[in-house]
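Chemist:
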Amino acid sequence: MINDFSPVLTAIGPKLSQNSKNAASALVVGVCSTDDGPVLLPNPLPDAGARALADSLEALGVTGAADEVVRIPGLDPLPFPLLVLTGVGRITGEPGAGVSTEAVRRASGAAVRRLSGTPSVALGLPAETPELLGAVAEGAALAAYSFTAFRSAEAQAKGKNPVERAAVVTSLKPKVTGPVLQHAAVVARAVRATRDLVNTPPSHLFPASFAEEVTEAVRTLPIKVTVWDEKKLEKDGFGGILNVGKGSTRPPRLVKLEYTPAAAGRNAPHIAFVGKGITFDSGGLSLKPPTSMTTMKSDMAGAATVASVVAAAAELELPVKVTGWLCMAENMPSATAQRPSDVITMYGGKTVEVMNTDAEGRLVMADGLVAATDETPDAVIDIATLTGAQMIALGNRTTGVMGTEDLRTELVAAADASGEAAWAMPIPEDQRASLDSTVADLSNVGDRFGGMMTAAAFLREFVDAGRAPGAAKAEPTPWAHLDIAGPSFNDSGAYGYTPKDATGVMVRTLVAYLERRAGLPRGK
540 MINDFSPVLT
550 AIGPKLSQNS
560 KNAASALVVG
570 VCSTDDGPVL
580 LPNPLPDAGA
590 RALADSLEAL
600 GVTGAADEVV
610 RIPGLDPLPF
620 PLLVLTGVGR
630 ITGEPGAGVS
640 TEAVRRASGA
650 AVRRLSGTPS
660 VALGLPAETP
670 ELLGAVAEGA
680 ALAAYSFTAF
690 RSAEAQAKGK
700 NPVERAAVVT
710 SLKPKVTGPV
720 LQHAAVVARA
730 VRATRDLVNT
740 PPSHLFPASF
750 AEEVTEAVRT
760 LPIKVTVWDE
770 KKLEKDGFGG
780 ILNVGKGSTR
790 PPRLVKLEYT
800 PAAAGRNAPH
810 IAFVGKGITF
820 DSGGLSLKPP
830 TSMTTMKSDM
840 AGAATVASVV
850 AAAAELELPV
860 KVTGWLCMAE
870 NMPSATAQRP
880 SDVITMYGGK
890 TVEVMNTDAE
900 GRLVMADGLV
910 AATDETPDAV
920 IDIATLTGAQ
930 MIALGNRTTG
940 VMGTEDLRTE
950 LVAAADASGE
960 AAWAMPIPED
970 QRASLDSTVA
980 DLSNVGDRFG
990 GMMTAAAFLR
1000 EFVDAGRAPG
1010 AAKAEPTPWA
1020 HLDIAGPSFN
1030 DSGAYGYTPK
1040 DATGVMVRTL
1050 VAYLERRAGL
1060 PRGK
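Going letter by letter, the sequence shown gives residues 540 to 1063 in the working numbering.
#1: From the DSSP output, read off the bridge partner residues of tyrosine 1034.
#2: On the criterion of 16 or more Cβ atoms from any shown chain inside 10 Å, does leucine 1053 qualify as buried, or is it exposed?
#3: I need the straight-line Cα distance from lysine 1063 to valine 726, nearest angstrom please.
#4: Assuming alanine 923 and glycine 900 make a contact with CB atoms under 8 Å, what is their CB distance in whole Å?
#5: From Glu1014, Ala598, Leu566, pick the residue whose C-alpha is nearest to that of proline 620; which is it?
#6: Within 8 Å, do at least three Cβ pairs link the region 853-870 to the region 812-825?
#7: Can you tell me whether asparagine 1029 is buried or exposed? The criterion is at least 16 other CB atoms within 10 Å of its CB, across all chains shown.
#8: Can you tell which of Val1044, Arg947, Asn700, Asp775 has the C-alpha that lies nearest to the C-alpha of phenylalanine 544?
#9: Label glutamine 695 either buried or exposed according to how many other C-beta atoms from any shown protein chain fall within 10 Å of its C-beta, with 16 as the threshold for buried.
#10: Would you kindly check if the distance between the Cβ of proline 669 and the Cβ of leucine 711 is under 8 Å?
#11: Can you give the beta carbon distance from valine 737 to alanine 840, rounded, assuming they're within the 8 Å contact cut?
#12: According to the neighbour-count rule (16 or more other Cβ atoms, all chains shown, within 10 Å of its Cβ), is glycine 1005 buried or exposed?
#13: Where DSSP assigns a beta bridge to tyrosine 798, which residues make up the other side?
#14: Please look up how many angstroms separate the CB atoms of alanine 507 and alanine 756, rounded, as I've assumed it's under 8 Å.
#15: Out of curiosity, what's the CA-to-CA distance linking leucine 555 and leucine 617?
#16: Excluding the five sequence neighbours on either side, which residues of its own chain have a C-beta within less than 7 Å of the C-beta of lysine 763, listed in chain order?
#17: Could you check the C-alpha separation between valine 568 and alanine 1051 for me, to the nearest Å?
#18: Looking at the unbroken alpha helix (DSSP H) that takes in alanine 674, where does it start and where does it end?
#19: By the 10 Å Cβ neighbour count, where 16 or more other Cβ atoms means buried, how is glutamate 854 classified, buried or exposed?
#20: Taking all protein chains shown into account, do 16 or more other C-beta atoms lie within 10 angstroms of the C-beta of valine 662, making it buried, or fewer, making it exposed?
#21: Since I believe serine 825 is in contact with aspartate 897 (beta carbons under 8 Å), could you give me their beta-carbon distance rounded to a whole number of angstroms?
#22: Tell whether a beta-carbon distance below 8 Å holds between arginine 644 and glycine 603.
#23: Per DSSP, what are the beta-bridge partners of glycine 778 in this structure?
#24: Please go through the same chain and pick out, in chain order, the residues whose beta-carbon is closer than 6 Å to the beta-carbon of glycine 626, but skip the five residues on each side of it.
#25: From alanine 591 to glycine 613, what does the alpha carbon distance come to, in whole angstroms?
#26: Could you tell me how far apart the beta carbons of valine 951 and alanine 963 are, in whole angstroms, since I believe they sit closer than 8 Å?
#27: Tell me where the beta strand (DSSP E) around histidine 1064 begins and ends.
#28: Do threonine 926 and alanine 960 have their C-beta atoms closer together than 8 Å?
#29: Valine 766 and alanine 846: beta carbons closer than 8 Å?
#30: Helix, strand or coil: which one does DSSP assign to isoleucine 931?
#31: Could you tell me whether the Cβ atoms of leucine 720 and alanine 550 are closer together than 8 Å?
#32: Measure the alpha-carbon distance for arginine 792 versus isoleucine 780 and round it to whole angstroms.
#33: Please report how far the alpha carbon of methionine 832 lies from the alpha carbon of glycine 823, in whole angstroms.
#34: Under the assumption that serine 837 contacts serine 1027 (Cβ atoms under 8 Å), give the Cβ distance between them as a whole number of angstroms.
#35: Quick one: residues in its chain with C-beta nearer than 6 Å to the C-beta of valine 861, no 5 flanking neighbours on either side, listed in chain order?
#36: Among the residues of its own chain, which have a CB less than 7 Å from the CB of aspartate 969, if the five just before and after it don't count?
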């Protein structure tokens, strides 16, 4: 179900003319909000037209607020029939000088999203540095998205297609703009692929089809794919994934993706990702209320994110080895489903008393963490729509980051640089004590309060859990856990470059983290 649509990103010079070969259907310029009212950002408009427009902003009702998009007729002599004013929010200092890359990214995205049905746009937003250019292009490419795979041909014909071509106005030279635009296109494609997978209904995306979709998506990339079916999962002892999936008629899968750069050498860092891939979560025998199931097709967002990040690393030819573990199951109630009070043996040998079958994500992730750390990577990062407690603690737009302090700090910094919201959270030691079981090594549920951190404490028990005593690598593997329960699915209105429904959150952050580990400047 992955849509291969990608908007064409180009760069054009700032000297626009009436006979410009790069004429588009609309020209987008930015407006900021200041103490003195709305102010035009630097733009490619003729001086006289820019002055007249600046004097008319308040009369037009323009404020410059973030996500504000106002359309007016184009200005002569430029060859654009439509002029679009997009707000970048409040700034201090000189217009253009105080605008952040995320404000520009969001303003670009808001305009392009609202211009669906318009074939091409020219983006006259601040883009005079590689960072700003990348932000403008990325915002446009992220916003040029729609998911129509399950609409009838008639409905699709009536709908508005995303913008197909976006030209960024900049004075930067082609040797600079080319790599920047290519990078923006790859990252945005990875985000859109994640959204497509998450938006696909569970009638069509289940463990076996999910594994097939991912395998096909990376077919042309230098990525090795290994798939465990239910028989191999049982043979190898992946008790968490098997027991979560045994209530469904559609058996579980484990998918391993391996990208090894051709010229990286033995000293290249090795980063492992583990993603939760619950293709539908009914809660199992601990059944969810009906209204709590309506977005549970998104419970595989972690695995979709991991697949897209590994693919992006390969496309960008990053000099870092990346391994992805996608833990896939459908959590359903049936006569064969696991029961509360069952004891299961996880991959690596630890036993878990299952006290709540709706705390299933941590069970599949535990198997993946043991398998990932068995390979002694330099760091392991898991990502999951794991707890409702994440939304209570941090809301619907901020990812919770827990784990080893240094790695946690690196990931929050990568999120900040990418324009994504993430917040470091602790794992208090008393949270682990609440997971004690009287019959097994631990229980899958603990304290209700601080549930996001309790879930992280559970996962931490499986980092390096398969390592034999006295193994060569004695130091613990740096580990981080990302809880994206809220930010992965936007069930309210679209904003900026973020659509309704699946968001593709944390793809950009994890790509930026890999770039930083590889020593590349874009990860700064």
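Don't be surprised by glycine CBs; every beta carbon is placed ideally from N, CA and C.
Modeler: So, from the data block:
#1: Numbered from its first residue, the sequence shown carries residue 1034 at position 495. The partner list for tyrosine 1034 (beta bridge, DSSP) reads Thr1037.
#2: The count along the sequence shown starts at 1 and reaches residue 1053 at position 514. Buried, since its Cβ has 16 or more Cβ neighbours within 10 Å.
#3: The residue given as residue 1063 occupies position 524 in the sequence shown. The residue given as residue 726 occupies position 187 in the sequence shown. Because lysine 1063 sits at a pLDDT of 40, beneath the cut-off of 50, its placement in the model cannot be relied upon, and the following sentence gives the value as read from the coordinates. In a straight line, the C-alpha of lysine 1063 is about 16 Å away from that of valine 726.
#4: The count along the sequence shown starts at 1 and reaches residue 923 at position 384. The count along the sequence shown starts at 1 and reaches residue 900 at position 361. That belief holds up - the Cβ atoms of alanine 923 and glycine 900 are roughly 5 Å apart, short of 8 Å.
#5: By 1-based counting over the sequence shown, the position of residue 620 is 81. Looking at the Cα atoms, Leu566 is the closest of the given residues.
#6: Yes: the two stretches touch, three or more of their Cβ pairs being nearer than 8 Å.
#7: Within the sequence shown, the letter at position 490 stands for residue 1029. The residue in question, asparagine 1029, is buried, as its Cβ has 16 or more Cβ neighbours within 10 Å.
#8: In the sequence shown, the residue the question calls residue 544 occupies position 5. Nearest of Val1044, Arg947, Asn700, Asp775 to phenylalanine 544, Cα basis: Asn700.
#9: Here residue 695 refers to the residue found at position 156 when the sequence shown is read from its first residue. Exposed is the call here.
#10: One-based indexing of the sequence shown puts residue 711 at position 172. One-based indexing of the sequence shown puts residue 669 at position 130. Yes. Within cutoff.
#11: To locate residue 737, count along the sequence shown from 1; it is residue 198. To locate residue 840, count along the sequence shown from 1; it is residue 301. Between alanine 840 and valine 737 the Cβ distance is about 5 Å, and since that is below 8 Å, they are a contact.
#12: Counting from one through the sequence shown, the residue named residue 1005 turns up at place 466. Its Cβ being crowded by 16 or more others within 10 Å, glycine 1005 is buried.
#13: Mapped onto the sequence shown, residue 798 falls at position 259. BP columns for tyrosine 798 point to Ile762, Val861.
#14: Outside the modelled stretch of the chain, which goes from 540 to 1063, sits residue 507, for which no answer is possible.
#15: Along the sequence shown, read from residue 1 onward, the residue named residue 555 stands at position 16. Along the sequence shown, read from residue 1 onward, the residue named residue 617 stands at position 78. Their Cα atoms are separated by approximately 7 Å.
#16: Looking up residue 763 in the sequence shown gives position 224. The beta carbon of lysine 763 sits closer than 7 Å to the beta carbons of Glu797 from its chain, once the five residues preceding and following it are set aside; these are given in chain order.
#17: Reading the sequence shown from its first residue, position 29 is the one you call residue 568. Reading the sequence shown from its first residue, position 512 is the one you call residue 1051. The alpha-carbon atoms of valine 568 and alanine 1051 are separated by roughly 28 Å.
#18: If you number the sequence shown from 1, residue 674 lands on position 135. Alanine 674 -> alpha helix (DSSP H) spans 669-682.
#19: Residue numbering aside, residue 854 sits at position 315 when the sequence shown is read from its first letter. It is buried - the Cβ of glutamate 854 has at least 16 other Cβ atoms within 10 Å.
#20: Within the sequence shown, residue 662 is the residue found at index 123, counting from 1. Inspection of the sequence shows that residue 662 is occupied by leucine rather than by valine. It counts as buried.
#21: Taking the sequence shown and counting its residues from 1, one reaches residue 897 at position 358. Taking the sequence shown and counting its residues from 1, one reaches residue 825 at position 286. The Cβ separation is near 4 Å, so the contact holds.
#22: In the sequence shown, counting from the first residue as 1, residue 644 sits at position 105. In the sequence shown, counting from the first residue as 1, residue 603 sits at position 64. Against a cut-off of 8 Å, the Cβ pair of glycine 603 and arginine 644 comes out as no contact.
#23: Here residue 778 corresponds to residue number 239 of the sequence shown, with the count starting at 1. Answer is none; glycine 778 lacks a bridge partner.
#24: In the sequence shown, residue 626 corresponds to position 87, counting from 1. Spatial neighbours of glycine 626 in its own chain (CB-CB distance under 6 Å, excluding positions within 5 residues in sequence) are listed in chain order as Val570, Gly603, Ala604, Ala605, Glu607.
#25: Here the question's residue 591 lines up with position 52 in the sequence shown. Here the question's residue 613 lines up with position 74 in the sequence shown. If I take the Cα positions, the gap works out to 13 Å.
#26: In the sequence shown, the residue the question calls residue 951 occupies position 412. In the sequence shown, the residue the question calls residue 963 occupies position 424. Beta-carbon to beta-carbon, valine 951 and alanine 963 are separated by about 5 Å, close enough to satisfy the 8 Å threshold.
#27: Nothing in the structure corresponds to residue 1064, since the chain is present only between 540 and 1063.
#28: Working through the sequence shown from its first residue, we reach residue 926 at position 387. Working through the sequence shown from its first residue, we reach residue 960 at position 421. The criterion of a C-beta distance shorter than 8 Å is not satisfied by threonine 926 and alanine 960.
#29: Start at 1 with the first residue of the sequence shown, and residue 766 comes out as number 227. Start at 1 with the first residue of the sequence shown, and residue 846 comes out as number 307. For valine 766 and alanine 846, no; Cβs fall outside 8 Å.
#30: In the sequence shown, residue 931 corresponds to position 392, counting from 1. Note: isoleucine 931 maps to helix in three-state DSSP.
#31: Here residue 720 corresponds to residue number 181 of the sequence shown, with the count starting at 1. Here residue 550 corresponds to residue number 11 of the sequence shown, with the count starting at 1. Result yes, Cβ atoms of leucine 720 and alanine 550 sit closer than 8 Å.
#32: Along the sequence shown, read from residue 1 onward, the residue named residue 792 stands at position 253. Along the sequence shown, read from residue 1 onward, the residue named residue 780 stands at position 241. Here the alpha carbons of isoleucine 780 and arginine 792 stand approximately 8 Å from one another.
#33: Against the sequence shown, residue 832 aligns to sequence position 293. Against the sequence shown, residue 823 aligns to sequence position 284. As the crow flies, the alpha-carbon of methionine 832 is around 11 Å from that of glycine 823.
#34: Counting from 1 along the sequence shown, the entry for residue 837 is found at position 298. Counting from 1 along the sequence shown, the entry for residue 1027 is found at position 488. Beta-carbon to beta-carbon, serine 837 and serine 1027 are separated by about 6 Å, close enough to satisfy the 8 Å threshold.
#35: For the purposes of this step, residue 861 is identified with residue 322 of the sequence shown, where counting begins at 1. Here the set comprises Tyr798, Ile810, Val849, Ala852.
#36: For this step, residue 969 is matched to residue 430 along the sequence shown. Counting only Cβ-Cβ distances below 7 Å, and skipping sequence neighbours, we find nothing.
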